[in-house]
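Chain order of the listed sequences is A and B. Each residue of the first sequence is one higher than the one before, counting from 508 in my numbering. Each residue of the second sequence is one higher than the one before, counting from 31 in my numbering. Yeah, the Cβ is synthetic: ideal placement off N, Cα and C, and Gly gets one too. Have a look at the structure below before the remarks.
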Amino acid sequence: MKVLVPVKRVLDYNVKVRVRADGSGVDLANVKMGMNPFDEIAVEEAMRLKEAGVVSEVVAVSCGVAASAEVLRTAMAIGADRGILVQSDADLQPLAVARLLKAVCDREGPALVICGKQAIDDDANQTGQMLAALLGWSQATFASKVTIADGQATVVREVDGGLETLAVRLPAVITTDLRLNEPRYATLPNIMKAKKKPLDTLDPAGLGVDVSQRLITLKVVEPAKRSAGILVSDVAQLLEKLKNEAKVI
Amino acid sequence: MAILLIAEHDNQSLKAATLNTLGAARRLEGEIHVLVAGAGCAAAGQAAAQFEGVAKVLLCDAPQYAERGAENLAELVRGLAANYSHVLVPASAEGKNLLPRVAALCGMAQVSDVVGIESADIFVRPIYAGNALATVKSIDPIKFLSIRTTAFEAVGVAGTAVAVETIAAGPELGLCKLVGRELTRSERPELGAAKIIVSGGRGLGSGDNYRRVLEPLADKLGAALGASRAAVDAGFVPNDFQVGQTGKIVAPQLYLAVGISGAIQHLAGMKDSRVIVAINKDPDAPIFQVADYGLVADLFEAAPALTQAI
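The following block contains the structure:
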């Protein structure tokens, strides 16, 4: 069984976000970029399924600029067998990415796609669900446990108020939540090996996908800062402030 | 054109998040139709008909919606969407699961986590864990919006009830089956709807400490209990307690952060609270930069003392 894992190149999660003064967006010039953390969890899960003998091949796919090849190398260093870069300089929005991934699925025929539940840049939380819709597959989002057997996936999902367990028929799209697993670190030998793994480059036109924007960003601003309040000296003063000043209790 | 709102409910009544989403829908022009889909959900349909701003309730009562899976619901909504200018859901686990599937079936974009409505096609939404706010214009004929419920006021009950129209069900696709639910049972208010939240972090040290120190305080205040990601990852409390960018986004009247350092991703989930109180022994903890009232103290002394004093 083949698994496809989409990975996105985003601003490294440790880097402080700076909004450009002209309101045109977030400053990404000369800052560290890396794989979206939820996608790392997705690659790790695919590897665990491969190590368990459930999965035969793990294919990482990234849609974006040429430098997205770096996150494909990272995925291959974790263990993915090969990479596919769908190269485009356009601002790829979730629907466009879902359409590109559908086209790649049509060529590759995976039985399972494991995606991060959201990317930490646009925080859209859409691509996996959209891909499942376009493919007509079932979806199991926000997964915290995945078991595959007999042509179906049993997925524990994190929902409001607790957990839910779904049995979904394969092929399916699963999106990962934080607690699904803890991704391994790529070792140096594996990083070296990843450089020799095959990486194909495709483009949206070749896949017959229109990636034009449906959402136009008019401006990006910093949110209003919350100012620090006061330090109180003890519990009695805190309670007095909450009762008489803030009037919340 | 009218606005379609997909209600979240428990078959008897609407969930609080739906009432805030109704508040957002009222910022748009057009009459609001509320879809109540479920199995045995007639009471929820009647309940929906009572709220301010609702022009009509569409009731779809069929077994394939009992488990509220996205696959069957999305097919149903796809069939309705063409009659509407906007389709809204709360940005809850259920809404996030469902709406992108509907939008993609319609071949259109979605705007996630809307916190501001500037016009019929211009919306404000947070990006980068709330570190930036983007204003976006949607050029698609139907706007699919998931609503950040803390950004909009809940609507109240109107004087009279509107009509409930029963609509035909969509297909049962048979793609997925609910095996079980493990919902955290609690007598306390729901995190998303609570007026006061008592939230604990790594500083509590263990699940036992969390319960021993925070539960009495929450009970005294009639508060919901929350936690930072660190506390959830350490296994002190279940995942659905998590407040933060990847957990729940909350905005209560009072947020009491106990032993929480204030990582950016946690702040993203609670910084819109009206009053924030931080109790932490580290005076340099980032939580103090957003707290209205900070108390630098050992939480194991301060929290019980506060419980006593209230």
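- Taking all protein chains in view, the Cβ of residue 689(A) is surrounded by fewer than 16 other Cβ atoms within 10 Å, so the residue is classified as exposed.
- Within chain A, no residue has its CB atom less than 7 Å from the CB of residue 239(B), the nearest being about 18 Å off.
- Per the Cβ contact rule, the region 112–130 of chain B is in contact with the region 46–56 of chain B (3 or more Cβ pairs under 8 Å).
- Here the alpha carbons of residue 234(B) and residue 288(B) stand approximately 8 Å from one another.
- Going by beta carbons, residue 85(B) and residue 61(B) fall inside the 8 Å limit.
- In the structure shown, residue 625(A) adopts coil according to DSSP, grouped into three states.
- With the criterion set as a beta carbon lying under 9 Å from some beta carbon of chain B, the members of the region 629–653 of chain A are 629, 630, 631, 632, 633, 634, 635, 636, 637, 638, 639, 640, 641, 643, 644, 645, 646, 647, 648, 649, 651, in sequence order.
- If you draw a 10 Å sphere on the C-beta of residue 156(B), you find 16 or more other C-beta atoms in it, and that means buried.
- Against chain B, a Cβ distance below 7 Å from residue 515(A) picks out nothing, because the smallest value is about 14 Å.
- Under the DSSP definition of a beta bridge, residue 173(B) partners with 116(B).
- Put simply, of 293(B), 147(B), 241(B), 328(B) the residue whose alpha carbon is nearest the alpha carbon of residue 159(B) is 293(B).
- Between the beta-carbon of residue 104(B) and that of residue 640(A) there is about 6 Å, and that keeps the pair under the 8 Å contact cut.
- For residue 580(A), DSSP records no beta bridge to any residue.
- Just so you know, the alpha carbons of residue 750(A) and residue 178(B) end up roughly 29 Å apart.
- DSSP, reduced to helix, strand and coil, places residue 633(A) outside both helices and strands of the structure shown, so it counts as coil.
- At a C-beta separation below 7 Å, residue 610(A) has no neighbours in chain B, since its nearest C-beta there lies roughly 14 Å away.
- Counting only runs of 4+ residues, no alpha helix (DSSP H) is found wholly inside the region 195–237 of chain B.
- In the structure shown, residue 51(B) falls within a helical segment according to DSSP collapsed to helix, strand and coil.
- By DSSP's assignment, residue 642(A) forms no beta bridge with any residue.
- If you compare the alpha carbons of 643(A), 665(A), 744(A) with that of residue 205(B), the shortest gap goes to 643(A).
- Contact of residue 57(B) with chain A by beta-carbon distance below 9 Å is absent, the smallest such distance being about 18 Å.
- For the region 710–736 of chain A, the residues whose beta carbon sits under 7 Å from a beta carbon of chain B are, in order, 721, 722, 723, 724, 725, 726, 727, 728, 729, 730, 733, 735, 736.
- A direct Cα-to-Cα measurement between residue 209(B) and residue 330(B) gives close to 41 Å.
- The criterion of a C-beta distance shorter than 8 Å is not satisfied by residue 64(B) and residue 110(B).
- When the beta-carbon positions are compared, residue 333(B) and residue 247(B) come within less than 8 Å of each other.
- As summarised for the region 249–328 of chain B, the continuous beta strand (DSSP E) elements at least 3 residues long and confined to that stretch are 254–257, 284–288, 305–310, 323–326, given in chain order.
- Within the DSSP bridge table, the entry for residue 189(B) names no partner.
- If you look at residue 340(B), you'll find it isn't in any alpha helix (DSSP H); DSSP assigns it neither H nor E.
- Contact annotation, residue 579(A) with residue 586(A): C-beta distance approximately 13 Å; criterion of less than 8 Å not satisfied.
- With fewer than 16 neighbouring CB atoms inside 10 Å of its own CB, residue 537(A) falls in the exposed class.
- Residue 617(A) holds the alpha-carbon nearest to the alpha-carbon of residue 561(A) among 682(A), 733(A), 747(A), 617(A).
- Looking at the DSSP output, residue 569(A) shares a beta bridge with 592(A).
- In the three-state scheme derived from DSSP, where H, G and I count as helix and E and B as strand, residue 125(B) is classed as helix.
- In the DSSP annotation of this structure, the continuous segment of the beta strand (DSSP E) that includes residue 35(B) starts and ends at 32–36.
- Within the model, the alpha-carbon separation for residue 172(B) versus residue 703(A) is close to 46 Å.
- With contacts defined by Cβ atoms closer than 8 Å, residue 650(A) and residue 672(A) do not form a contacting pair.
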